[in-house]
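Heads up, the final residue of the sequence shown is numbered 670 in our numbering, and it's a clean run with no missing numbers.
Presented below is the structure to which this report refers.
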Amino acid sequence: MSGSQFFTRPIGHSVEGRELLARTNFDPALAPENVTLLIGGQHGDEPATVRLLEEFAGVFHGPEPVAIIAPANPDGLATYSRYNARGVDLNRNCGFNWHAESEEPPGPGAWSEPESCALRDFITALQPAKIVSLHWALAELDADGHQSTPLATAMWAALTDAQRAPYRLRLTEPGQGQRRLRVTYSLCPGSLGQWCGYGLRYPDGSQPAMITLELPYDPLASNRPEILDDEHLPFVHDWWARDGEGYLRAARPAVMAMLLAACRFGG
């Protein structure tokens, strides 16, 4: 793939005044259909998500409309912190199932943080058909809501058997929507995935397909264990500190294949 031309514009500011930037290969004023929004760095200690989206912007070439926001937490990225400059987990600050008792600090209220509001306002204005948010490092492709299953299936199908090995696919199965949502209520209150996949509706009543792409803790693994070791995140942070380029080389092929499949889906 050779690169398309992406245009950058600010969509808001962080707590410390850093610009939140959106890159698009289209004029947002034209409101194209079937836009894919790719998000990285909502947690600042997940720099691989930002690097991979930067690389994707450099190599993507196609007519499909794509928007990229990375990093979504520039203050956290600057200090290698999961949280923003006020100590809030931005992935617990969204206005669907926000909960003050979240294990991760959710902020004083839903949408209390400028970074969350900027992302919310960009999404509601652009109305992307598909949203893929990259995180680190649960090693899974997670679809929120029945409307997200076809996109997740297409992204999964884009992988070889070897590329699938470090991941698992998690779908909202027929008849399991509310039960699964009750589980995610307790695990990830106020998350972007819950808001986009279950809470967000556009004026025409439609909902975006919402995928959380959790990068693998070990992209060279021959299989993903059902239950991850508690040390999986320190493991991948250590790998990044020792050989970040090596981690990217191992993770890149599968991630690029899934992102390309997402952008082409439904076009």
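We put the beta carbon where it would ideally sit given N, CA and C, even for glycine.
Nonlocal neighbours in the same chain, by C-beta distance under 7 Å from residue i, ignoring five residues either side
{"i": "R454", "result": "L651"}
{"i": "A513", "result": "N496, C497, G498, W501, G593"}
{"i": "G600", "result": "D547, G548, S551, M613"}
{"i": "E422", "result": "P413, H416"}
{"i": "Y486", "result": "G479, D492, P508"}
{"i": "A555", "result": "L544, A546, L572, L574, I614"}
Proximal residues to residue i (C-beta, below 6 Å), its chain only, five neighbours per side dropped
{"i": "E458", "result": "none"}
{"i": "A473", "result": "G443, G444, V453, L456"}
{"i": "V639", "result": "A540, Y620"}
{"i": "R573", "result": "E543, D545"}
{"i": "C520", "result": "W514"}
{"i": "A488", "result": "V418, E419, D478"}
Closest by C-alpha distance to residue i, when choosing among the options
{"i": "E467", "options": "F429, E422, G415, Y483", "result": "F429"}
{"i": "N476", "options": "H446, G548, G465", "result": "H446"}
{"i": "P435", "options": "P531, A451, P517", "result": "P531"}
{"i": "P611", "options": "T439, Y483, A664", "result": "T439"}
{"i": "T427", "options": "H464, I442, V469", "result": "V469"}
{"i": "T452", "options": "T411, T615, D632, H635", "result": "T615"}
{"i": "D564", "options": "R627, S536, L433, R645", "result": "R627"}
{"i": "H464", "options": "Q408, L456, V639", "result": "Q408"}
{"i": "S609", "options": "L424, P431, N437, A432", "result": "N437"}
{"i": "I630", "options": "E419, E543, T527", "result": "E543"}
{"i": "E419", "options": "A432, E516, V639", "result": "E516"}
{"i": "P637", "options": "L441, M558, A503, E449", "result": "E449"}
{"i": "E504", "options": "D646, E518, C591", "result": "C591"}
{"i": "C666", "options": "A521, S484, T411, A557", "result": "A557"}
{"i": "W559", "options": "S519, A425, F410, A664", "result": "A664"}
{"i": "L595", "options": "A561, Y483, F410, N494", "result": "N494"}
{"i": "A561", "options": "F410, H538, T527, M661", "result": "M661"}
Exposure of residue i, with buried meaning 16 or more beta-carbon neighbours within 10 Å
{"i": "Q597", "result": "buried"}
{"i": "L491", "result": "Strictly speaking, residue 491 in this sequence is Val, with Leu absent from that position. That one is buried."}
{"i": "I534", "result": "buried"}
{"i": "S417", "result": "buried"}
{"i": "F525", "result": "buried"}
{"i": "Y605", "result": "exposed"}
{"i": "A540", "result": "buried"}
{"i": "L603", "result": "buried"}
{"i": "R510", "result": "At residue 510 the sequence reads Gly, which differs from the Arg that was named. That one is buried."}
{"i": "F668", "result": "buried"}
{"i": "T575", "result": "buried"}
{"i": "R523", "result": "buried"}
{"i": "E506", "result": "exposed"}
{"i": "E518", "result": "buried"}
Cutoff 8 Å; reference residue i; Cβ partners in own chain excluding five residues on either side
{"i": "S405", "result": "Caution is warranted here: a pLDDT of 43 is assigned to S405, below 50, making its placement in the model unreliable, and the coordinate value is therefore given only provisionally. Contacts found: V462, H464."}
{"i": "L529", "result": "P431, A434, V438, L440, A470"}
{"i": "M643", "result": "According to the sequence provided, residue 643 is Trp. The question's Met does not apply to it. Within the same chain, W643 has close Cβ partners P450, A451, Y650."}
Within the segment 592 to 632, ranges of the beta strand (DSSP E) (whole runs, at least 3 residues) = 612 to 618
task = Write down every uninterrupted run of the alpha helix (DSSP H) in the segment 514 to 559 whose length is 4 residues or greater and which is fully enclosed by it, in chain order.
result = 517 to 529
query = Quick one: complete beta strand (DSSP E) runs, 3+ long, within the segment 406 to 452?
reply = Within the segment 406 to 452, the complete beta strand (DSSP E) runs of at least 3 residues are 410 to 416, 422 to 427, 439 to 442.
inquiry  = Under 8 Å: do the segment 614 to 624 and the segment 645 to 661 share three or more Cβ pairs, one atom per stretch?
reply    = yes
query = Using 8 Å as the Cβ pair cut-off and three pairs as the minimum, do the segment 620 to 638 and the segment 557 to 574 touch?
reply = yes
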